[in-house]
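Chains as they are written, first to last, in full-length UniProt numbering: chain C, 1 to 256; chain L, 1 to 256; chain P, 1 to 256; chain U, 1 to 256; chain Z, 1 to 256; chain W, 1 to 256. We put the CB at the ideal spot given by N, CA and C, even for glycine. Structure first, commentary second.
There are 6 protein chains.
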Amino acid sequence: MPSHPSFPERLKAGSPVLTAWCGMPDPSVAGMLAHEAFDAVVMDLQHGSIDFAAALQAVPLIAAAGKPSLVRIPVGDFASASRFLDAGVSGVIAPMINTIEDARRFAAFTKFPPVGERSWGAYGALSLTRLEPGAYLQQANDLTVSFAMVETREALAIIDDILAVPGIDGIFIGPSDLSIALSGGKSVNPAGAEVEKALDHALARVRAAGKVAAIYAVSGARAAQLSAKGFHMVSIGSDISMLMAGAHAALAAARG
Amino acid sequence: MPSHPSFPERLKAGSPVLTAWCGMPDPSVAGMLAHEAFDAVVMDLQHGSIDFAAALQAVPLIAAAGKPSLVRIPVGDFASASRFLDAGVSGVIAPMINTIEDARRFAAFTKFPPVGERSWGAYGALSLTRLEPGAYLQQANDLTVSFAMVETREALAIIDDILAVPGIDGIFIGPSDLSIALSGGKSVNPAGAEVEKALDHALARVRAAGKVAAIYAVSGARAAQLSAKGFHMVSIGSDISMLMAGAHAALAAARG
Amino acid sequence: MPSHPSFPERLKAGSPVLTAWCGMPDPSVAGMLAHEAFDAVVMDLQHGSIDFAAALQAVPLIAAAGKPSLVRIPVGDFASASRFLDAGVSGVIAPMINTIEDARRFAAFTKFPPVGERSWGAYGALSLTRLEPGAYLQQANDLTVSFAMVETREALAIIDDILAVPGIDGIFIGPSDLSIALSGGKSVNPAGAEVEKALDHALARVRAAGKVAAIYAVSGARAAQLSAKGFHMVSIGSDISMLMAGAHAALAAARG
Amino acid sequence: MPSHPSFPERLKAGSPVLTAWCGMPDPSVAGMLAHEAFDAVVMDLQHGSIDFAAALQAVPLIAAAGKPSLVRIPVGDFASASRFLDAGVSGVIAPMINTIEDARRFAAFTKFPPVGERSWGAYGALSLTRLEPGAYLQQANDLTVSFAMVETREALAIIDDILAVPGIDGIFIGPSDLSIALSGGKSVNPAGAEVEKALDHALARVRAAGKVAAIYAVSGARAAQLSAKGFHMVSIGSDISMLMAGAHAALAAARG
Amino acid sequence: MPSHPSFPERLKAGSPVLTAWCGMPDPSVAGMLAHEAFDAVVMDLQHGSIDFAAALQAVPLIAAAGKPSLVRIPVGDFASASRFLDAGVSGVIAPMINTIEDARRFAAFTKFPPVGERSWGAYGALSLTRLEPGAYLQQANDLTVSFAMVETREALAIIDDILAVPGIDGIFIGPSDLSIALSGGKSVNPAGAEVEKALDHALARVRAAGKVAAIYAVSGARAAQLSAKGFHMVSIGSDISMLMAGAHAALAAARG
Amino acid sequence: MPSHPSFPERLKAGSPVLTAWCGMPDPSVAGMLAHEAFDAVVMDLQHGSIDFAAALQAVPLIAAAGKPSLVRIPVGDFASASRFLDAGVSGVIAPMINTIEDARRFAAFTKFPPVGERSWGAYGALSLTRLEPGAYLQQANDLTVSFAMVETREALAIIDDILAVPGIDGIFIGPSDLSIALSGGKSVNPAGAEVEKALDHALARVRAAGKVAAIYAVSGARAAQLSAKGFHMVSIGSDISMLMAGAHAALAAARG
Ligand SMILES: [Mg+2]
Ligand SMILES: [Mg+2]
Ligand SMILES: [Mg+2]
Ligand SMILES: [Mg+2]
Ligand SMILES: [Mg+2]
Ligand SMILES: [Mg+2]
């Protein structure tokens, strides 16, 4: 899009993209964080409290700060992926892509023919990109990023196949769910040794495929580690965590 | 419903039904346009910004103007079709009905047994129709219209089969997506020659099946052409386009 | 959860759980009814007008009254089941579970591995239960109740198989839809003889499986009958009916 | 207004006008109660939770049921009285009109010149009344009712003067506040002997002035008494009370 | 503000400022019209349906289009003038400024000391202007415009005195109310001879005072006339009118 | 109120009350901060973006955490003070109380007769306090706190008179506005020497009057200083500042 024409290119351009991660129900939160030093803003509709209408309202607010917006959709709600692309988001993160069929259906909803079956009606995106309909149709598949979440044993096992699906631009790792899966439901430990090994493996496979790798980090410190590993995008979560961290710091200072 | 008991009959009654097409997030827009000379109002939840809660609020506002309301649901979100019928809409338009299975699932959610599996709970519709539960159960399948959208090569190829699915009352053509499909993703040209030919073919098949044909028109002028072709319903879009046209006219007059 | 740690246990503890049933769009209604003598509050997203965002807002209001909250999700919208569990609801009711595959998919979205594939992100529930992540992961499958709705001939025919699906904690009977199904679409009669026979049968099968049985009652009087039958939970509907009953009583008194 | 052209006349036409009294935040509540046997619906912005935007949304819903709507505004917020008249309400109730100056200011905001200074912009009312601007300007002062609330000793003492203010169409008694005032803050007893005496006196003065008298009743039974006394309008409160009464009745029936 | 640092200067810079005039409840309408060829966008909280929260949400959307936003506040609600200035609007229009005291109170709420008593807390404006607090405090009185509406005989009679009040930057004429006032409540005729004469007089007095004159125009054609007269700002109303004009044009084209 | 029956007593009980200060539009923010270690939560309707409806929704969420809620109302909007007390807030902060008449009017709206003229209708508060109407009427004046803001030269000059007004329970200092006033509009410096001197003076006068003193602190560190000075309540602002501080910390950690 004009103010961020090359989000897919930016992802591959060197320094990792650091994104805010928003789940609070009010769209102004995403708008405000977009004015901070984040490179992009993700709104989480899988585990966050923000709903479709609010996330839609946030898209122009994030764009006003010159930043790309992304959404994580609820599991399997691919129709909303199309609707958010219509509104002008630069990327969609689909959770629990565990089969090649999942990946294909996701791509079908996010890419125009002949790659997929995305339906015409991108009025918000036309306004944000200032492209004519014909030009938008030609370029949209390359202007937006479809991230398949890899967060189960099944997904890890077929990561090369997922990466090979036309229209899947990258992988987004969910380290908490991955840790639950790898431990057979015994523990949630997103920075444990087994997860680390899986991250390295996944990252290598993504690089081999020439696509992009992204991941969720529970804190800034963890984001630094994951950036160093070579992820193209690291999402730092969440807005609520940041608000609480700010509150704790203020209270600590106040109470000495 | 009392004020519009014969929407399906009205569709076959002669002059084409001209509808407004609303995607703006505020339900009062649909309410206001219902007071203009449109015959019905469609709310678009596939590509519009209006969400479920807002569209629900619009239903009684449209009914207050004595007009039928319709919704276009997101791709595959058939559960919301039932919920809107519960609220009292007279028709549902389902995008991307590309297989017979798609058509069957759609009908399953919009028609009561034995035709489909629509679930009981139509409290808004009972209030708007003033029918007793038993009467509503008997009549509802005939009081409401289920439009399957035909907008891909696959759908065109099986249009007779789609029309033969019990509970599918008509076809709604999406000319933009159809043009993309027919051009293999090369261009969006909803009034091109290839699309025109497809429209004529589809219209002939719908008539042969004794069902109703509807279509989206990007402007009033285009709606006049499509009415003349014989479509039973033509939706003129959109509320945003109309607002912008009004703004352009006012600015042109102001600036001379 | 702390204030209601044993909702599944409470269901089996003797006297039936009587719940309010809320479909009005405003979350404060569910909050207010939670302060009345109901044992729990159900929010209905299948046939009610309350949407996802509003139901989410109601969860802490119901918790503030020390009561468990439940939701009935739209048909097949299992992703929202996970989201409501994230927010801290104690139970989810899934309509139209007509096949074993339906039941398995429902359980996949509501139970953590290894039973299902529920995804990590239960921030609201962590706050309400005050459990640490590891403890919540271990206990959540037993703290929350997944009700499969049995309301068709198909479902009745396989009720033992549905009850055998790991992660399905109980059955919720939809008597109106069941009456439509049993009459082949001829009538809606939720207290007819055929339905009664089906209720007795279903209740016996649930007991044999050691799980819990719940049902919707259109009035308090009907709830008394169904409680006497032995259902573990009876939902009295709806908020609108109660408002209207109150209005009728006031008008009758006013007009003499 | 077309469907209720003579609300002021209706008030004087014989049987008392019985109104619902709504304070819940959701506009659909007022819309639903308008379909019950109430003669009109009041929305309470002084002590209710409904806000300006929601009350505005309710006006067309109440009109759709063919009923007049009224609002009680917050103390001294006369600007909102004008805005609600713009939207098409048939009456405004202003609390705590304790001085002649209060009454004059209230009338200034609710009546067009030369009686008052109401400002032009009644777009909703033009739509609901289907009057041309010139006709609306001429008739509006007589189509709508301005009720001054009398609920203090000061107000009672000057009731004749308040009634004499041009543009004040009637008095609305607040019996709870009146009881607090008459007891010097010692008790709230809206049906006590002192209040009854004050009601009789006020009613006599209103009749002498040829204007209309209205009052709030905490229940249907109380409304019957107040109707019998001769009040032209009795408001039965509230929506929450009715919901709770309905809930209590349902629970009593359920628990035997 | 950075993108429109000289709104007061722009008003005096030659060609008249043409503004949209928005009263619809949804903030995205104002945001969309800001992307059209209007020079600024006014939101009307006196006679429009937009409320405080929605107008606040619109401010960053209008700013994102690089346009200044203004609000017309409800009569006498000067506190909201401050709150909108806090949010970053470039101008406030106060209706019914009929006395010098009215003008002084308005200025007190819109200008910082020593001119007025505006209170500190302009967080949105600091973000939009990117000024440091100290700089904003020094410049804000000159960056924003306070328009006193002149729309009664009283106001016309003291227009020189109103213009002389420190902090009053200009006059905004309300021609409909003025016509009602000048006709003694007999007619609403905003383009009648008596109004025209008053406009000429007011315009001359504003020029003599070196301040700015603005006015409401019911259509683009009327705006052209008023621009030609020399008004510095002409607001073309309204969003609803434009939507309806667009709908009429579309229907006329469709129905031939 | 039951969970915080002695908020006025708590204010005098020793350690200073530390409050969060919320201006974000979403009520869940106030609810979440109430679960942190703040002693109470203030919602700011003067300079914050939260509106009346949202603040009302937050009251039960804050109460659910067992904490008292307070609101700062817009300048002069005393009617909303009553409405918030109706909803169950424990305190109201009124900005710009610059005259004795201001203080009297504020107290009139917040205290029942004979102290003031607060109107009956405290339905939310009755529910939160679980008091019977008669008991609530007797105790409410002592259960809630009315803070007059002192933030101008005029107010400072008459601080003893303001403190002497019956129903004024304490003073809340606005140090930014005070700094602007004391510098004649030249600078905003809430911790400057002149302000410090004024704080000491004000604090001494409040103590002499046996009432409570509160103040706004821009950070936790400043709150520590002000607590040490002896203020009974220190509000740490704001929610946005805390969110931004959390974001800065996360980004700093992420970028090393
Ligand atoms: Mg995950
Ligand atoms: Mg299409
Ligand atoms: Mg059912
Ligand atoms: Mg009262
Ligand atoms: Mg005017
Ligand atoms: Mg201040």
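- In the three-state reduction of the DSSP assignment, P:LEU18 falls in the strand class.
- The Cβ neighbour count for C:HIS201, taken over all protein chains shown within 10 Å, is under 16; the residue is labelled exposed.
- Exclusion of the five residues before and after Z:LEU243 leaves no residue of its chain whose Cβ lies closer than 6 Å to its Cβ.
- Separation of U:GLU151 and Z:TYR136 (C-alpha to C-alpha, rounded to the nearest whole angstrom) is 47 Å.
- Note that the region 65 to 78 of chain U touches the region 86 to 100 of chain U; at least 3 beta-carbon pairs, one per stretch, sit closer than 8 Å.
- As far as DSSP is concerned, U:ALA37 takes part in no beta bridge.
- Interface flag for L:GLN57 against chain C is unset, since no Cβ pair is found closer than 8 Å.
- Comparing alpha carbon positions, the residue from P:LEU70, P:VAL29, P:THR129 closest to P:PHE147 is P:LEU70.
- Contact check for W:ASP142 against W:LYS211 fails: the beta carbons are separated by 8 Å or more.
- For P:ILE62, the closest Cβ of chain L is not nearer than 8 Å.
- Check the Cα spacing between C:LEU199 and each of C:PHE7, C:ILE215, C:ALA13: the tightest is with C:ILE215.
- Counting only unbroken stretches of 4 or more residues, the alpha helix (DSSP H) elements lying wholly within the region 180 to 220 of chain Z are 193 to 209, in sequence order.
- Bounds of the beta strand (DSSP E) holding U:MET149 are 145 to 150.
- W:LEU131 carries a coil assignment under DSSP once its states are collapsed to helix, strand and coil.
- Listed along the chain, the chain L residues whose CB falls inside 8 Å of the CB of P:ILE180 are PHE112, PRO113, TRP120, LEU137.
- If you check the CB distance, C:GLY185 and P:PRO113 come in under 8 Å.
- Proximity of chain P to C:ILE240 at the Cβ level (cut-off 9 Å) is accounted for by TYR123, in chain order.
- Closest option to C:TRP120, judged by alpha-carbon separation, among L:TYR123, L:ASP86, L:PHE84, L:SER179: L:SER179.
- Proximity to W:PRO175 across W:PHE106, W:LEU61, W:ALA65, W:GLU194 peaks at W:GLU194, based on C-alpha coordinates.
- Exclusion of the five residues before and after Z:ALA209 leaves LEU163 as the residues of its chain whose Cβ lies within less than 6 Å of its Cβ.
- A Cβ-Cβ distance of about 23 Å is found for the pair L:ILE236 and Z:ALA20, leaving them out of contact under the 8 Å criterion.
- Remark: the C-beta of L:TRP120 is in contact range of ligand 3, defined as less than 7 Å to any heavy atom.
- Inclusion of C:MET149 in the 7 Å shell around ligand 1 follows from its C-beta lying nearer than that to a non-hydrogen atom of the ligand.
- Listed in chain order, the positions of the region 24 to 55 of chain P with a beta carbon within less than 9 Å of a beta carbon of chain L are PRO25, ASP44, LEU45, GLN46, HIS47, GLY48, SER49, ILE50, ASP51, PHE52, ALA53, ALA54.
- Shown here, L:ARG72 sits in a strand according to DSSP, grouped into three states.
- Assignment of Z:MET96 by DSSP, reduced to helix, strand and coil, places it in the coil class.
- In this structure, W:LEU56 lies near U:SER49, with their beta-carbon atoms less than 8 Å apart.
- Shortest gap from the CB of W:PRO95 to any heavy atom of ligand 6: under 7 Å.
- Residue-level contact check: L:GLY88 does not touch chain P, since none of the beta carbons of chain P fall below 8 Å from its beta carbon.
- Distance from the CA atom of P:ALA228 to the CA atom of U:GLY14, rounded to whole angstroms, is 50 Å.
- Counting every other CB atom within 10 Å of its CB across the protein chains shown gives P:GLY66 a total below 16, marking it as exposed.
- At a C-beta separation below 9 Å, U:SER127 has these neighbours in chain L: MET32, HIS35.
- Partner residues in the beta bridge of C:PHE172, as assigned by DSSP, are C:MET149, C:ALA214.
- At a cut-off of 8 Å between beta-carbon atoms, W:MET244 makes no contact with chain Z.
- Not flagged as an interface residue toward chain P: C:ASP102, since no C-beta distance is shorter than 8 Å.
- When secondary structure is reduced to three states using DSSP, W:VAL59 falls in the helix class.
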